[in-house]
Amino acid sequence: MLDSSASDHRTAPALRGDERTVKILIAGHFGAGKTTFVHSLSQIAPLSTEEVMTTASVGTDHTSLPEKTSTTVAMDFGRLSLTDDLVLYLFGAPGQPRFFPVLRDLAFGALGALVLVDTRRLEDTYPILELIEDLDLPYAIAINRFDQAPEHTVERLREVMDLEPETPLVICDARELRSSTDALITLTRHVLTLTPENAA
Amino acid sequence: MSGERPRDGLVRSYVVTGGRSTPSRNHFDAITLITCSAPGPGRGGLSPEQRKVLDLLAPSAQSVAELGARLHLPLAVLRVLLADLMSAGHITTQRPITKSDRLDRKLLEEVLAGLQRL
Ligand SMILES: Nc1nc2c(ncn2[C@@H]2O[C@H](COP(=O)(O)OP(=O)(O)OP(=O)(O)O)[C@@H](O)[C@H]2O)c(=O)[nH]1
Ligand SMILES: [Mg+2]
Numbered sequence: 002m003l004d005s006s007a008s009d010h011r012t013a014p015a016l017r018g019d020e021r022t023v024k025i026l027i028a029g030h031f032g033a034g035k036t037t038f039v040h041s042l043s044q045i046a047p048l049s050t051e052e053v054m055t056t057a058s059v060g061t062d063h064t065s066l067p068e069k070t071s072t073t074v075a076m077d078f079g080r081l082s083l084t085d086d087l088v089l090y091l092f093g094a095p096g097q098p099r100f101f102p103v104l105r106d107l108a109f110g111a112l113g114a115l116v117l118v119d120t121r122r123l124e125d126t127y128p129i130l131e132l133i134e135d136l137d138l139p140y141a142i143a144i145n146r147f148d149q150a151p152e153h154t155v156e157r158l159r160e161v162m163d164l165e166p167e168t169p170l171v172i173c174d175a176r177e178l179r180s181s182t183d184a185l186i187t188l189t190r191h192v193l194t195l196t197p198e199n200a201a
Numbered sequence: 074m075s076g077e078r079p080r081d082g083l084v085r086s087y088v089v090t091g092g093r094s095t096p097s098r099n100h101f102d103a104i105t106l107i108t109c110s111a112p113g114p115g116r117g118g119l120s121p122e123q124r125k126v127l128d129l130l131a132p133s134a135q136s137v138a139e140l141g142a143r144l145h146l147p148l149a150v151l152r153v154l155l156a157d158l159m160s161a162g163h164i165t166t167q168r169p170i171t172k173s174d175r176l177d178r179k180l181l182e183e184v185l186a187g188l189q190r191l
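Here it is, written out as structure tokens:
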């Protein structure tokens, strides 16, 4: 765990309550770098919020526990003020399929999703992409460079993830503010291209 | 992580909210900002959790997600507390989030410009 409190001079201003708020989901499989990404960008000490899921929403991995009526899902989130009237929230969204009902809720009204990928676990990304496409949420892919990860060409990665030609794919280091910011810029540009000029 | 956090959120939910189910979900999206009414009505009759919400809101407005994290309450539970606080006039919120919010080009352009300034 990185202790950011001592060296970190970033501070988020107090909120008046009339600011506009926007959220972006930081999705990705287990260990893809979601928490790291949110930490890199957040102006508040990252917090974790909880949602409760009932048994009906829980996947087959809980069938051995018939007594269990609910499970708690923790989501890291961070906040950054983009202007004095516009606040961006980043939610690190758990990538295991049994938590997808919670993602569905969180996705409502979201600007889009950045899907973090460790190329050693590509197959774990497929169900996440399916969910996000199913939710009709615009997304971009950020490949986090892990040291032992095999080298794949971008063309090959796009092919195995079956990406649409217009879906952006960037190489990212979630530990770096600049790199993480650039990934969000790419996502936001992409959402703009999908948004008609005359939209209300 | 807090060790005393309840593992079974449904039981906790029942205790804190008196067993009612969650009303007006979209009104309290995770990023909806909550503001303390000033001057608000008297605090008599409020539960300890509701008082804690008002204490947290005194210095700064907070999103539903931030309140949930600081109070260690699942959002489903918090939404019920907030609905009651709002109908009693203790808090106000932004307008509810709608799906079409993400279609606003002007907003997206502002987000882009803001990110580029970071
Ligand atoms: N090389 C490299 N390492 C990274 C990067 N992003 C994260 N890591 C490391 O990968 C590990 C896992 O990162 P987390 O941010 O905890 O991943 P996560 O997606 O939040 O994991 P879960 O919440 O457990 O699903 C940590 O040790 C990070 O330091 C990256 O871009 N490059
Ligand atoms: Mg994490």
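So the protein lines, in turn, are chains G and E. As numbered in our numbering, the first sequence has no gaps in its residue numbers, which increase by one up to the final residue, 201. As numbered in our numbering, the second sequence has no gaps in its residue numbers, which increase by one up to the final residue, 191. From the three backbone atoms N, C-alpha and C, an ideal C-beta is built for every residue, glycine too.
Could one say the Cβ of residue i lies closer than 8 Å to chain E's Cβ atoms, at least one of them?
i: G:Ser8; result: Only weak support exists for where G:Ser8 lies, its pLDDT of 41 falling under 50; the coordinates are left without a value.
i: G:Glu165; result: no
i: G:Arg190; result: yes
i: G:Gly93; result: no
i: G:Phe109; result: yes
i: G:Thr120; result: no
i: G:Tyr90; result: yes
Find out if the Cβ-Cβ distance for the pair residue i, residue j is shorter than 8 Å.
i: G:Ala175; j: G:Leu117; result: yes
i: G:Thr50; j: G:Phe78; result: yes
i: G:Ser43; j: G:Leu81; result: yes
i: G:Leu83; j: E:Val137; result: no
i: E:Val188; j: G:Leu185; result: Residue 188 of chain E is actually Leu in this sequence, not Val. The answer is yes: Cβ separation under 8 Å.
i: G:Pro95; j: G:Val74; result: yes
i: G:Leu123; j: G:Val161; result: yes
i: E:Leu148; j: E:Val126; result: no
i: G:Leu26; j: G:Phe92; result: yes
i: G:Tyr140; j: G:Ile133; result: yes
i: E:Leu140; j: E:Leu129; result: yes
i: E:Arg178; j: G:Glu167; result: no
i: G:Leu136; j: G:Arg157; result: no
i: G:Thr120; j: G:His153; result: yes
Taking the alpha carbon of residue i as the point to measure from, which residue in the options has its own alpha carbon closest?
i: G:Gln97; options: G:Leu188, G:Lys35, G:Thr168; result: G:Lys35
i: E:Glu182; options: G:Val192, G:Leu16, G:Glu20; result: G:Val192
i: E:Ser133; options: E:Gly117, E:His145, E:Ala111; result: E:Ala111
i: G:Arg17; options: E:Met159, E:Thr166, E:Lys179; result: E:Thr166
i: G:Leu1; options: G:Ile172, G:Val23, G:Leu178; result: Residue coverage of chain G in this structure runs from 2 to 201, which leaves residue 1 of chain G outside it and unanswerable.
i: G:Arg21; options: G:Gly110, G:Glu177, G:Pro102, G:Pro128; result: G:Gly110
i: G:Ala33; options: G:Arg159, G:Ile172, G:Asn145; result: G:Asn145
i: E:Val150; options: G:Glu152, G:Leu164, G:Arg99, G:Val53; result: G:Val53
i: G:Arg99; options: G:Thr72, G:Leu188, G:Val88, G:Tyr90; result: G:Thr72
i: E:Asp102; options: E:Arg168, E:Pro114, E:Ala186; result: E:Arg168
i: E:Ile104; options: G:Leu115, G:Pro14, G:Leu89, G:Ala28; result: G:Leu89
i: G:Ala13; options: G:Asp85, G:Arg159, G:Asp148; result: G:Asp85
Consider the Cβ of residue i: report whether some Cβ of chain G lies at a distance smaller than 8 Å.
i: E:Arg194; result: Lying outside 74 to 191, the shown extent of chain E, residue 194 of chain E is not represented and no answer is given.
i: E:Leu191; result: yes
i: E:Val128; result: In the sequence as displayed, the identity of residue 128 of chain E is Asp instead of Val. E:Asp128 does not count as touching chain G.
i: E:Gly162; result: no
i: E:Glu183; result: yes
i: E:Ala111; result: no
i: E:Arg178; result: yes
i: E:Pro96; result: Unreliable placement is indicated for E:Pro96, whose pLDDT of 43 sits below 50; the coordinate value is still reported in the next sentence. Taking Cβ atoms only, chain G never reaches closer than 8 Å to E:Pro96, which makes this a no.
i: E:Leu106; result: yes
Report yes if the C-beta of residue i is less than 7 Å from at least one heavy atom of ligand 3; otherwise report no.
i: G:Gly93; result: By its list of ligands, the structure shown excludes ligand 3, since it contains just ligand 1 and ligand 2.
Members of the segment 17-37 of chain G that neighbour chain B once the beta carbon cut-off is set at 8 Å: Here the protein chains are G and E, and chain B is not one of them.
Three-pair Cβ contact test at 8 Å for the segment 138-154 of chain E versus the segment 116-124 of chain E: yes
Any alpha helix (DSSP H) of 4 or more consecutive residues that is wholly inside the segment 119-159 of chain E: 121-130, 137-144
Every unbroken beta strand (DSSP E) within the segment 103-144 of chain G, with a cutoff of 3 residues, ordered by chain: 113-118
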